[in-house]
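Quick notes on the structure that follows.
2 protein chains.
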Amino acid sequence: MTVTLADVAARAQVSPATVSRVLNGNYPVAASTRERVLKAVDELDYVLNGPASALAAATSDLVGILVNDIADPFFGIMAGAVQSEIGGPGGRAGGERLAVVCNTGGTPERELTYLTLLQRQRAAAVVLTGGAMEDGAHQTAVAAKLRKLTEAGTRVVLCGRPPAPDTGAIALTFDNRGGGRELTEHLIGLGHRRLGYIAGPEERTTTRHRLEGHRTALAAHGIEEDPRWTVHGRYDRQAGYEATLELLRRDPTLTAVVAANDTVALGACAALRDSGLRIPDDVSVAGFDDLPFSIDAVPALTTVRLPLAEAGARAGRVAMGREDAPVGGIATVRGELMVRGSSGRPRS
Amino acid sequence: MTVTLADVAARAQVSPATVSRVLNGNYPVAASTRERVLKAVDELDYVLNGPASALAAATSDLVGILVNDIADPFFGIMAGAVQSEIGGPGGRAGGERLAVVCNTGGTPERELTYLTLLQRQRAAAVVLTGGAMEDGAHQTAVAAKLRKLTEAGTRVVLCGRPPAPDTGAIALTFDNRGGGRELTEHLIGLGHRRLGYIAGPEERTTTRHRLEGHRTALAAHGIEEDPRWTVHGRYDRQAGYEATLELLRRDPTLTAVVAANDTVALGACAALRDSGLRIPDDVSVAGFDDLPFSIDAVPALTTVRLPLAEAGARAGRVAMGREDAPVGGIATVRGELMVRGSSGRPRS
DNA sequence: AGCCGTACAGCAAGCGCTTTCTATGTAGAA
DNA sequence: TTCTACATAGAAAGCGCTTGCTGTACGGCT
Numbered sequence: 001m002t003v004t005l006a007d008v009a010a011r012a013q014v015s016p017a018t019v020s021r022v023l024n025g026n027y028p029v030a031a032s033t034r035e036r037v038l039k040a041v042d043e044l045d046y047v048l049n050g051p052a053s054a055l056a057a058a059t060s061d062l063v064g065i066l067v068n069d070i071a072d073p074f075f076g077i078m079a080g081a082v083q084s085e086i087g088g089p090g091g092r093a094g095g096e097r098l099a100v101v102c103n104t105g106g107t108p109e110r111e112l113t114y115l116t117l118l119q120r121q122r123a124a125a126v127v128l129t130g131g132a133m134e135d136g137a138h139q140t141a142v143a144a145k146l147r148k149l150t151e152a153g154t155r156v157v158l159c160g161r162p163p164a165p166d167t168g169a170i171a172l173t174f175d176n177r178g179g180g181r182e183l184t185e186h187l188i189g190l191g192h193r194r195l196g197y198i199a200g201p202e203e204r205t206t207t208r209h210r211l212e213g214h215r216t217a218l219a220a221h222g223i224e225e226d227p228r229w230t231v232h233g234r235y236d237r238q239a240g241y242e243a244t245l246e247l248l249r250r251d252p253t254l255t256a257v258v259a260a261n262d263t264v265a266l267g268a269c270a271a272l273r274d275s276g277l278r279i280p281d282d283v284s285v286a287g288f289d290d291l292p293f294s295i296d297a298v299p300a301l302t303t304v305r306l307p308l309a310e311a312g313a314r315a316g317r318v319a320m321g322r323e324d325a326p327v328g329g330i331a332t333v334r335g336e337l338m339v340r341g342s343s344g345r346p347r348s
Numbered sequence: 001m002t003v004t005l006a007d008v009a010a011r012a013q014v015s016p017a018t019v020s021r022v023l024n025g026n027y028p029v030a031a032s033t034r035e036r037v038l039k040a041v042d043e044l045d046y047v048l049n050g051p052a053s054a055l056a057a058a059t060s061d062l063v064g065i066l067v068n069d070i071a072d073p074f075f076g077i078m079a080g081a082v083q084s085e086i087g088g089p090g091g092r093a094g095g096e097r098l099a100v101v102c103n104t105g106g107t108p109e110r111e112l113t114y115l116t117l118l119q120r121q122r123a124a125a126v127v128l129t130g131g132a133m134e135d136g137a138h139q140t141a142v143a144a145k146l147r148k149l150t151e152a153g154t155r156v157v158l159c160g161r162p163p164a165p166d167t168g169a170i171a172l173t174f175d176n177r178g179g180g181r182e183l184t185e186h187l188i189g190l191g192h193r194r195l196g197y198i199a200g201p202e203e204r205t206t207t208r209h210r211l212e213g214h215r216t217a218l219a220a221h222g223i224e225e226d227p228r229w230t231v232h233g234r235y236d237r238q239a240g241y242e243a244t245l246e247l248l249r250r251d252p253t254l255t256a257v258v259a260a261n262d263t264v265a266l267g268a269c270a271a272l273r274d275s276g277l278r279i280p281d282d283v284s285v286a287g288f289d290d291l292p293f294s295i296d297a298v299p300a301l302t303t304v305r306l307p308l309a310e311a312g313a314r315a316g317r318v319a320m321g322r323e324d325a326p327v328g329g330i331a332t333v334r335g336e337l338m339v340r341g342s343s344g345r346p347r348s
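Chains as they are written, first to last, in my numbering: chain A, 1 to 348; chain W, 1 to 348.
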């Protein structure tokens with residue numbers, strides 16, 4: 001039914017082997033022959049059979065990208081950057097590669113299942129983005145999977161995720177701890193002493209590291225933290241809204257609210273406004289990530305910019321072997337404090 | 001090196017055929033045998049070879065999702081919804097499928113290349129999201145490709161994209177025209193007579209349809225449009241910012257600005273604010289799509305809500321053959337006008 | 001007792017490509 | 001001119017799986 005290599009070979013009056021070589025360009029073929037083959041390919045509208053090719057060559061042109069939430073620009077930006085570098089259509093170098101963006105929804109099972117699926121497809125590389133879940137059993141399982149993948153020749157890159165020791169995976173880690181500390185220090189520097197913190201879901205490295213940075217800053221300045229000042233919630237707007245109301249209920253004297261990320265911060269802003277509080281006059285707000293929309297908030301959000309696109313692009317290049325892995329297989333990517341209108345001196 | 005079906009068969013003391021049948025569950029196998037096989041699979045940590053399986057069975061478990069910009073939540077939301085329905089990990093029914101989200105960047109070449117790549121992988125289904133480019137040659141090429149795909153048994157679904165006649169593709173189209181008309185009528189109803197319009201990139205169906213809806217509304221109310229009132233630009237914040245300044249320069253008496261989508265509208269808001277204009281007191285602003293962040297703008301954005309997640313989910317089900325295609329292969333998905341704080345009566 | 005239907009299990013032929021090894025023609029070297 | 005070397009092209013052996021067809025046993029039938 002469909003056109004095969006043999007059909008093309010017949011039409012071009014050459015052997016299938018030659019057609020394969022023309023298509024792969026990895027073996028000398030006389031110019032005249034090549035032309036004849038290419039013409040036949042064109043005339044027959046031939047499309048290579050990917051699975052067959054992958055089977056025979058024992059390699060595939062699939063690259064997997066795992067994200068926690070594809071609808072979240074945090075991941076979208078990284079995924080897009082990775083994709084732009086893996087040489088897919090539009091990419092520079094050679095072989096066209098297909099980027100597979102897999103949405104784990106932040107659940108351990110789906111993450112594992114997708115890794116297996118990618119392993120099954122003999123993916124050329126896998127990039128895992130964003131924080132990891134801190135469930136012991138799950139972490140072990142993922143580490144084992146990653147080791148299997150690297151052993152099978154799949155390049156594994158972690159982007160914005162803590163290193164996975166002894167797995168052969170290369171890590172480009174975000175300095176969430178440092179960013180969190182810097183952000184809170186900025187607030188402390190402005191005079192804040194009573195700071196609420198809206199953390200992300202528990203059992204997530206990102207959540208924990210950012211919170212640790214925050215606490216380090218508090219401790220460094222001799223501020224004793226009140227347990228009521230921390231609330232956990234999802235990484236979305238509504239969680240930020242509700243957490244802020246809760247925070248206000250617990251301690252109406254807070255002068256600043258630090259959110260786990262920008263989306264949460266936006267929810268916090270809405271809650272403050274709905275509570276009749278002005279930003280930053282009554283309460284300062286800070287986010288994390290510096291997603292594109294953060295500058296559009298009113299007032300613009302003070303946050304920590306993470307170079308998502310740059311990190312993603314680098315992860316893509318490393319995954320394609322187009323850039324050397326960092327020494328030790330681990331690189332730390334720092335964030336940059338962006339001071340904007342949502343933070344100011346506390347009301348006296 | 002790696003474990004194969006034969007290894008499992010040897011260990012379980014059965015033939016490879018039996019192992020295959022156990023794994024696929026499409027042929028009667030005695031319970032005791034099945035157990036033995038499953039145990040061997042587990043012990044050997046066997047992972048099926050996807051390409052080999054796809055080659056032999058002439059089918060694959062890949063589903064392609066084409067998006068114009070993966071970093072844009074508009075597409076992220078749809079892609080996520082599609083993915084949640086195609087039975088990938090976490091999905092209900094049977095075979096695990098791998099969703100391949102491909103980022104075309106809105107360029108014709110990449111769109112075509114990705115379709116070829118998907119065709120090469122013998123994808124089980126392909127979902128194209130978002131507006132199409134209106135380049136004659138390109139449209140013909142895409143249509144030809146889609147026809148090839150459907151002929152080869154790949155299910156093709158267009159989600160938020162105009163129908164592609166005679167290709168066998170099923171279309172779930174957004175009523176951009178109707179939404180655009182309704183939005184502008186709302187503004188006209190408030191008393192606006194001088195409305196600026198920030199359109200998306202030219203040669204895009206989405207851009208054209210929304211603009212047509214806008215003009216239809218104007219015409220229906222006897223408002224003669226000034227050509228200076230329309231500016232084209234990219235679908236991003238910066239384009240909205242610049243276009244708004246341009247609009248203001250051309251005609252400072254405008255009382256409303258309608259943007260091609262919410263992201264652009266946010267840029268417009270920023271430009272208006274920076275120009276010292278209040279929203280909606282001095283100028284009303286309206287967007288399109290109702291992305292999650294739109295309600296967080298200050299004031300909240302008046303816009304047209306598109307049921308992105310619902311449409312994506314439906315597209316996913318149709319692609320998997322889990323839901324019947326709409327009659328005639330075409331369904332129109334309507335938007336819903338969301339009136340919020342960014343629109344009000346014009347200053348008198 | 002003899003037959004047949006049913007329920008499993010195995011054999012073996014591919015699926016469409018890649019790649020090693022071999023064959024051939026031609027050009028330069030001796 | 002004869003031999004060697006190189007540049008190409010082809011033959012054929014798989015890659016690891018699926019599946020149609022062919023056994024083989026066993027139980028129920030007549």
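Even for Gly, the Cβ is constructed at its ideal location relative to N, Cα and C.
What does the Cβ neighbour count give for Glu336 of chain A, buried or exposed, with the cut at 16 atoms within 10 Å? Taking the first sequence and counting its residues from 1, the one referred to as residue 336 of chain A is at position 336. Counting every other CB atom within 10 Å of its CB across the protein chains shown gives Glu336 of chain A a total below 16, marking it as exposed.
Count Cβ pairs between the region 269 to 277 of chain A and the region 241 to 258 of chain A that sit closer than 8 Å; are there 3 or more? Three or more beta-carbon pairs separated by less than 8 Å link the region 269 to 277 of chain A to the region 241 to 258 of chain A, which places the two stretches in contact.
Nearest-angstrom Cα distance between Ala315 of chain W and Val67 of chain A? Translated into positions along the second sequence, residue 315 of chain W becomes position 315. Translated into positions along the first sequence, residue 67 of chain A becomes position 67. The straight-line gap from Cα to Cα measures roughly 21 Å.
With a threshold of 8 Å, are at least 3 pairs of Cβ atoms found where one atom belongs to the region 197 to 206 of chain A and the other to the region 259 to 266 of chain A? Segment contact: the region 197 to 206 of chain A against the region 259 to 266 of chain A, three or more CB-CB distances shorter than 8 Å; contact assigned.
Three-state secondary structure assigned by DSSP to Met78 of chain A: Along the first sequence, read from residue 1 onward, the residue named residue 78 of chain A stands at position 78. It is helical.
From Thr173 of chain W to Asp290 of chain A, what distance separates their C-alpha atoms? If you number the second sequence from 1, residue 173 of chain W lands on position 173. If you number the first sequence from 1, residue 290 of chain A lands on position 290. Looking at the two C-alpha atoms, the distance is approximately 34 Å.
Tell me the DSSP secondary structure of Glu134 of chain A in three-state form. To locate residue 134 of chain A, count along the first sequence from 1; it is residue 134. Glu134 of chain A: coil per DSSP, three-state reduction.
Is the beta carbon of Leu195 of chain A less than 8 Å from the beta carbon of Leu183 of chain A? For the purposes of this step, residue 195 of chain A is taken as the residue at position 195 of the first sequence. For the purposes of this step, residue 183 of chain A is taken as the residue at position 183 of the first sequence. Against a cut-off of 8 Å, the Cβ pair of Leu183 of chain A and Leu195 of chain A comes out as no contact.
Using a cut-off of 7 Å between C-beta atoms, extract the partners of Ser284 of chain W located in chain A. Taking the first residue of the second sequence as 1, we reach residue 284 of chain W at position 284. Under the 7 Å cutoff, chain A gives no residues; its nearest Cβ is about 17 Å from Ser284 of chain W.
Where does Phe174 of chain A fall in DSSP's three states? To locate residue 174 of chain A, count along the first sequence from 1; it is residue 174. Look at Phe174 of chain A here: in three-state DSSP terms it is strand.
Is the distance from the Cβ of Ile86 of chain A to the Cβ of Gly312 of chain A below 8 Å? Position 86 of the first sequence, counted from the first residue, corresponds to residue 86 of chain A. Position 312 of the first sequence, counted from the first residue, corresponds to residue 312 of chain A. Going by C-beta atoms, Ile86 of chain A is not nearer than 8 Å to Gly312 of chain A.
List the DSSP bridge partners of Asp289 of chain W. As a first step, residue 289 of chain W must be located in the second sequence, where it is residue number 289. DSSP lists W:Arg305 as the beta-bridge partner residues of Asp289 of chain W.
Please compile the residues from chain W whose C-beta is within a distance smaller than 8 Å of the C-beta of Ile70 of chain A. Position 70 of the first sequence, counted from the start, is the residue given in the question as residue 70 of chain A. Within chain W, the residues Ile70, Gly76, Ala79, Gly80, Gln83, Val101 have their CB atoms less than 8 Å from the CB of Ile70 of chain A, given in chain order.
Identify whether His232 of chain W lies in helix, strand or coil by the three-state DSSP scheme. As a first step, residue 232 of chain W is located in the second sequence; it is residue number 232 there, counting from the start. In the structure shown, the three-state DSSP call for His232 of chain W is strand.
Whose Cβ in chain A lies nearer than 7 Å to the Cβ of Val298 of chain W? As a working mapping, residue 298 of chain W is identified with position 298 in the second sequence. Val298, listed in chain order.
Go ahead and label Pro73 of chain A buried or exposed: buried means 16 or more other beta carbons lie within 10 angstroms of its beta carbon, across all protein chains shown. Residue numbering aside, residue 73 of chain A sits at position 73 when the first sequence is read from its first letter. Buried is the label assigned to Pro73 of chain A, since at least 16 other Cβ atoms lie within 10 Å of its Cβ.
Rounded to a whole number of angstroms, what is the C-alpha to C-alpha distance between Ala319 of chain A and Ala169 of chain A? By 1-based counting over the first sequence, the position of residue 319 of chain A is 319. By 1-based counting over the first sequence, the position of residue 169 of chain A is 169. Approximately 10 Å between the Cα atoms of the pair.
Within 10 angstroms of the Cβ of Pro28 of chain W, are there 16 or more other Cβ atoms? Answer buried if so, exposed if not. As a first step, residue 28 of chain W is located in the second sequence; it is residue number 28 there, counting from the start. Classification for Pro28 of chain W: exposed.
Listing by chain order, which chain A residues have their CB less than 7 Å from the CB of Thr139 of chain W? Here the question's residue 139 of chain W lines up with position 139 in the second sequence. One point to set straight first is that residue 139 of chain W is Gln, not Thr, in the sequence displayed. Those do not exist, as Gln139 of chain W stays about 18 Å from chain A at its closest Cβ, beyond 7 Å.
Whole angstroms is fine: what's the gap from Pro163 of chain W's alpha carbon to Arg177 of chain W's? Numbered from 1 along the second sequence, position 163 holds the residue referred to as residue 163 of chain W. Numbered from 1 along the second sequence, position 177 holds the residue referred to as residue 177 of chain W. Cα to Cα, the separation comes out at about 14 Å.
Do you know how far the Cα of Asp281 of chain A is from the Cα of Ile295 of chain W? Numbered from its first residue, the second sequence carries residue 295 of chain W at position 295. Numbered from its first residue, the first sequence carries residue 281 of chain A at position 281. If you draw a straight line from the Cα of Ile295 of chain W to the Cα of Asp281 of chain A, it comes to about 22 Å.
Through-space distance from Asp175 of chain W to Gly136 of chain W, alpha-carbon basis: Here residue 136 of chain W is taken as the residue at index 136 of the second sequence, counted from 1. Here residue 175 of chain W is taken as the residue at index 175 of the second sequence, counted from 1. Between the alpha carbons of Gly136 of chain W and Asp175 of chain W lies a distance of about 22 Å.
Distance CB(Pro346 of chain W)-CB(Thr207 of chain W) smaller than 8 Å: Here the question's residue 346 of chain W lines up with position 346 in the second sequence. Here the question's residue 207 of chain W lines up with position 207 in the second sequence. No, they are not a contact pair.
Is the Cβ of Arg122 of chain A closer than 8 Å to any Cβ of chain W? Along the first sequence, read from residue 1 onward, the residue named residue 122 of chain A stands at position 122. Closer than 8 Å: yes.
Please compile the residues from chain W whose C-beta is within a distance smaller than 7 Å of the C-beta of Val47 of chain A. Locating residue 47 of chain A in the first sequence gives position 47, counting from the first residue. For Val47 of chain A, the residues of chain W that pass the 7 Å Cβ criterion are Thr116, Gln119, Arg120, in the order they occur in the chain.
Are there 16 or more other CB atoms within 10 angstroms of the CB of Lys39 of chain W, so buried, or fewer, so exposed? Locating residue 39 of chain W in the second sequence gives position 39, counting from the first residue. Looking at its Cβ environment, which holds fewer than 16 other Cβ atoms inside 10 Å, Lys39 of chain W is exposed.
Taking 8 Å as the CB-CB limit, is Ala152 of chain A close to chain W? For the purposes of this step, residue 152 of chain A is taken as residue 152 along the first sequence, with counting starting at 1. With a threshold of 8 Å between beta carbons, Ala152 of chain A makes contact with chain W.
Determine the DSSP secondary structure at Leu211 of chain A, reduced to helix, strand or coil. As a first step, residue 211 of chain A must be located in the first sequence, where it is residue number 211. If DSSP states are grouped into helix, strand and coil, Leu211 of chain A belongs with the helices.
Going by DSSP, what residue range makes up the alpha helix (DSSP H) through Leu118 of chain W? Here residue 118 of chain W corresponds to residue number 118 of the second sequence, with the count starting at 1. Looking at the DSSP string, the run of the alpha helix (DSSP H) that includes Leu118 of chain W is 108 to 120.
Within-8 Å CB hit, Ser60 of chain A to chain W: Start at 1 with the first residue of the first sequence, and residue 60 of chain A comes out as number 60. Taking Cβ atoms only, chain W reaches closer than 8 Å to Ser60 of chain A, which makes this a yes.
Who are the near neighbours of Gly341 of chain W in its chain, counting only those whose CB is closer than 6 Å to its CB and skipping five residues on each side? Counting from one through the second sequence, the residue named residue 341 of chain W turns up at place 341. Correct list, in chain order: Pro299, Ala300.
Identify every residue that forms a DSSP beta bridge with Gly64 of chain W. Here residue 64 of chain W refers to the residue found at position 64 of the second sequence. Note: Gly64 of chain W sits in a beta bridge opposite W:Val100, W:Val126.
Using a beta-carbon distance below 8 Å, is Leu55 of chain A in contact with chain W? Here residue 55 of chain A corresponds to residue number 55 of the first sequence, with the count starting at 1. Judged by the 8 Å Cβ criterion, Leu55 of chain A is in contact with chain W.
Just list the residues that DSSP pairs Ala256 of chain A with in beta bridges. Position 256 of the first sequence holds residue 256 of chain A. Note: Ala256 of chain A sits in a beta bridge opposite A:Leu195, A:Ser284.
Could you tell me which of W:Gly106, W:His214, W:Val327 sits nearest to Arg234 of chain W, measuring between CA atoms? Taking the first residue of the second sequence as position 1, residue 234 of chain W is located at position 234. Cα-wise, what sits closest to Arg234 of chain W is W:Gly106.
With a Cβ-Cβ cutoff of 8 Å, do Gly9 of chain W and Thr18 of chain W count as a contact? Counting from 1 along the second sequence, the entry for residue 9 of chain W is found at position 9. Counting from 1 along the second sequence, the entry for residue 18 of chain W is found at position 18. Reading off the sequence, residue 9 of chain W comes out as Ala, not Gly. One thing to note: Ala9 of chain W has its Cβ within 8 Å of the Cβ of Thr18 of chain W.
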